[in-house]
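**Student:**
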Amino acid sequence: MATGPDPAKTARGNLPPLSLHVPEPNFRPGDPVDYSFLDIPPAGALPRPDETCAATETTPLCSGMVRVLGDDHRAVGPWDPKLDPETLRRMLRAMALTRAFDDRMYRGQRQGKTSFYMKCTGEEATSVASTFALAADDMVFPSYRQQGILIARGYPLTEMINQIYSNKADKLKGRQLPIMYSCRDYNFFTISGNLATQYPQAVGWAMASAIKGDSRIATAWVGEGSSAEGDFHAAMTFAAVYNAPVVMNVVNNQWAISSFSGFAGAERSTFANRAVGYGIAGIRVDGNDALAVYAATRWAANRARANGGPTLIEHFTYRAEGHSTSDDPSAYRSAHEREEWPLGDPIMRLKRHLIELGEWSIEQQEAMDAELVDLVKAATKEAEKNGILGHGLHHPFHTMFEDVYKELPWHLEEQAEQAIRERQIKWPEWKPE
Amino acid sequence: MTEAATTTRRLNMIEAINEALHVMMERDPNVVVFGEDVGYFGGVFRATAGLQKQFGKHRVFDTPINECGIIGAAVGMGAYGLRPVPEIQFADYIYPGLDQLISEAARLRYRSAGEFIAPITVRSPFGGGIFGGQTHSQSPEALFTHVAGLKTVIPCTPYDAKGLLISAIEDDDPVIFFEPKRIYNGPFSGYYDKPVEPWAKHEGSEVPEGYYKVPLGKARIVQEGEAMSVIAYGTMIHVAQAVCREKGIDAEIIDLRTLVPLDIETVEKSVKKTGKCLIIHEATRTGGFGGELSALVQERCFYHLEAPIERVTGFDTPYPHSLEWAYFPGPVRIGEAVDRLMKA
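Chains as they are written, first to last, in the numbering used here: chain A, 1019 to 1451; chain B, 557 to 900.
1) Quick one: which chain C residues come within Cβ less than 8 Å of Y883/B?
2) Measuring only the C-alpha atoms, how far is V1422/A from F1055/A?
3) Who are the neighbours of A704/B on chain A, taking C-beta pairs under 7 Å?
4) Taking only beta-carbon positions, decide if P652/B is within less than 9 Å of chain A.
5) Assuming the contact rule is C-beta atoms closer than 8 Å, V1051/A and L1064/A should be a hit. Round their C-beta distance to whole Å, please.
6) Around the Cβ of M557/B, are there at least 16 other Cβ atoms within 10 angstroms (buried) or fewer (exposed)?
7) How long is the line joining the alpha carbons of S1279/A and V709/B, rounded to whole angstroms?
8) With distances taken between CB atoms, is the gap from G1140/A to A1338/A smaller than 9 Å?
9) Quick one: what does DSSP say Q690/B is sitting in, helix, strand or coil?
10) At a Cβ threshold of 9 Å, is Q1219/A touching chain B?
11) Listing by chain order, which chain A residues have their CB less than 8 Å from the CB of G670/B?
12) Step through the CB atoms of chain B and report whether any lies within less than 9 Å of the CB of L1190/A.
13) For the beta strand (DSSP E) containing Q610/B, name the first residue and the last one.
14) I think C712/B touches H837/B, with their Cβ atoms under 8 Å apart; what is that distance to the nearest whole Å?
15) Check whether the region 1144-1163 of chain A touches the region 1315-1330 of chain A, counting contact only when three or more Cβ pairs, one atom from each stretch, lie closer than 8 Å.
16) Would you list the residues sitting across from P904/B in a DSSP beta bridge?
17) To which residues does DSSP link C800/B through a beta bridge?
18) Given 8 Å as the limit, is there contact between the region 761-772 of chain B and the region 712-732 of chain B, that is, 3 or more CB pairs closer than that?
19) Report the three-state DSSP secondary structure of S1287/A (helix, strand or coil).
20) Is it the case that the Cβ atoms of A1093/A and H1413/A are separated by a distance below 9 Å?
21) Run through the DSSP bridge pairs and tell me what P1450/A is partnered with.
22) Report the rounded CA-to-CA distance for F601/B versus F611/B, giving the unit in angstroms.
23) Closer than 9 Å, Cβ to any Cβ of chain B: which residues of the region 1201-1212 of chain A, in chain order?
24) Which residues of chain B have a Cβ atom closer than 9 Å to the Cβ of T1453/A, listed in chain order?
25) Can you give me the C-alpha to C-alpha distance between P1364/A and P1160/A, rounded to a whole angstrom?
26) Below 7 Å between beta carbons is the criterion; list the residues of the region 1220-1231 of chain A that meet it against any residue of chain B, in chain order.
27) Taking the C-alpha atoms as reference points, what is the distance between I499/B and T677/B?
28) Please classify I621/B: does DSSP put it in a helix, a strand, or coil?
29) I'd like to know if D1249/A contacts chain B, where contact means its C-beta is closer than 9 Å to some C-beta of that chain.
30) How close, in whole Å, do the beta carbons of V770/B and S723/B come, if the pair is a contact with beta carbons under 8 Å?
31) Relative to chain A, which residues along the region 579-593 of chain B have a C-beta separation below 8 Å, given in chain order?
32) Closest Cβ-Cβ distance between F1134/A and chain B: below 9 Å?
33) What does DSSP give as the partner residues of S681/B in its beta bridges?
34) Starting from Q1194/A, follow the beta strand (DSSP E) in both directions and report where the run begins and ends.
35) For F1415/A and chain B, any beta-carbon pair shorter than 9 Å?
36) Using a C-beta cutoff of 9 Å, does F1159/A count as contacting chain B?
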């Protein structure tokens, strides 16, 4: 008797040919936009489990959406962090400063002062409000759109601009693409242009903190697009296996350059739902609601600090501008998306909340916005004294060869001599700095 | 060159590596060891045996089967201030971790202008000769020597393995530490049909107790000679020695020990003296480290050369299972090259 299944019984019959599903966004340029398909629960609707709860208790939070600020601009429900007005004003100021900074740097790039810039317009709450919920010495492993963290931590704007201009005062010696900051003193890890690599690194840092019996935790940021990288899953596995004290953020801003979130799996599930498969806590949060972002981050940070392990937070938000100065979103998405975005603008929402509380006014906002424009302008002027990209005010030539290794090996010494010689052939009057 | 040593014992290479890990974990509380099966079990080659028992699960632990995660976590631990020594079970498995090594560990110091470093030593058994087939026999060192910011170290004796590993762990740059697994238990001569020699009869198995270092970036002249310069590393040092001994060739054999940074001075001086150069490695030929060595020797010693530079390597195929010894650059292939150089 023959082994194996009978071929007659495994015949496929008259099924139609297989067809490959290639995701397609709902709206393309010129299309009218209707977001009624998005399931957005009202503010205050979701429960807030105890921070030490079993991870499974957060499962409903992974497909729902934690929201605090209602349409009436009041804070409601168990996730309301009940922050004092002074903290709210500081948060608003950091978000507004982030936007003012972005606007100025974007213009600077268009004026030829640097090669590249990336704005975070509409996503300010995801980084600023998170940072307010962390301790200053918690380590952050950012992606490239978290300038709000540095601004919230009080990193000098002039230093940021020096880096963006790659000038002679740039602490990174002109080696990195603009906005790829590194600020060890502010517990801000060096940004990589290779996406999602910081995710397993953050978990490693958190493991080290636990190995040493420290009390600091790590946080990581990634976009929904690069959550498709293998590194994301490596990080989730390690975080779950070692119950690492880490808060892992996915900023779901709907677009990865021109690819909508469907290319990272959004048609099938939320990003927060991935936490369920790994058995860790997860929260999906209204990323344009600064209070909800703060509350979710605080919950996750407290949990991590109490040895409760990692949390995955999906920030549901919208990338209001292009991916970068090299991008033109009008070529692939409808301009109405931004106008119709049902979760509004994070700065406007926090501002209205403060006004509703009687702790802020339109006049105060206008005065603050004007002040912040001047602040950024002054920082820009200060940085420009150190030069702008390509205008000769860069770090000494030899620094190009330093820091590849701790000590300069012979082959790099030889190559440094060659580079200096080449420059002297082109510019005979030039002397090595 | 090496610091004062006390008592020596005869150890094989695994024992020497294990001892280096013990020494460094005792000296530096920031040294942590992890990888697949390295914890309770002590590693599939026993290199980490006893470590978890002595130093605890917080410093010596098993990991998920995920090399990207292993190297990525090591980078994060290094940023925290630890000195991670991850093991990749076979060099053939290192590829899922390449982005973390090439784009991250290797460039952390440069891109952060020294704010963050990756003082990581990635240990990994490599090379063939154990019937490991194409996924347990590869020699991928040239992938790493090509990367600015990485150091690549390959020992060929128990003494060097311990001293080099201690140097690698103390080094503040990321080090790829490839261990030739064929010679874990004895110095393999390449004559696979002859009885296996134990390390005990080899002078390189005399290993001092405690802490000592063999510096990175310094080659060793295994034997001095006049007839030709043989430049190799790892298992191939022992094969080259056996072939030269059998043929009665007075060759100068140089063990590079570190491929990057390379000890070009020792190589250059030797080739200028002998006028002939034979480069041997087990890895595939095209784009192999032998090509780099050959170019360097040509650039620096051209007017001293009396014959074309000879390159003996593995073939440009995956490492076959049944025809392992047809692949391996053994005594016949090396012998031919030696004969050509002697006739020139």
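We put the beta carbon where it would ideally sit given N, CA and C, even for glycine.
**Tutor:** Let me lay it out:
1) The question asks about chain C, but that chain is absent: this structure's protein chains are A and B.
2) If I take the Cα positions, the gap works out to 51 Å.
3) Those are V1422, listed as they occur along chain A.
4) yes
5) Actually they do not touch by this definition, with Cβ atoms about 26 Å apart.
6) Because the pLDDT at M557/B is just 46, under 50, the model does not fix this residue reliably, and the value given afterwards should be weighed accordingly. It counts as exposed.
7) 43 Å
8) yes
9) helix
10) yes
11) D1421
12) At a cut-off of 9 Å between beta carbons, L1190/A contacts chain B.
13) Per DSSP, Q610/B belongs to no beta strand (DSSP E); it is in the alpha helix (DSSP H), 607-611.
14) Not really, about 12 Å apart at Cβ, beyond 8 Å.
15) yes
16) Outside the shown range of chain B (557 to 900) lies residue 904/B, about which nothing can therefore be said.
17) Paired residues: none, contrary to the question.
18) yes
19) S1287/A: coil per DSSP, three-state reduction.
20) no
21) DSSP, once it has assigned bridges, lists no residue as partnering P1450/A.
22) 19 Å
23) C1201, R1202, D1203, F1207, T1208, I1209, S1210, G1211, N1212
24) Shown here, chain A extends from 1019 to 1451; a query on residue 1453/A therefore has no answer.
25) Taking the straight line from one Cα to the other gives about 20 Å.
26) A1220, V1221, G1222, W1223, M1225, A1226, S1227, I1229
27) Past the boundaries of the shown model lies residue 499/B; chain B is included only from 557 to 900, so the question cannot be answered.
28) For I621/B, the secondary structure class from DSSP, reduced to helix, strand or coil, is coil.
29) yes
30) 6 Å
31) V588
32) no
33) It should be pointed out that residue 681/B corresponds to Pro in this sequence rather than to Ser. For P681/B, which the question treats as bridged, DSSP gives the partners E735/B.
34) Per DSSP, Q1194/A belongs to no beta strand (DSSP E) and is neither H nor E.
35) no
36) yes
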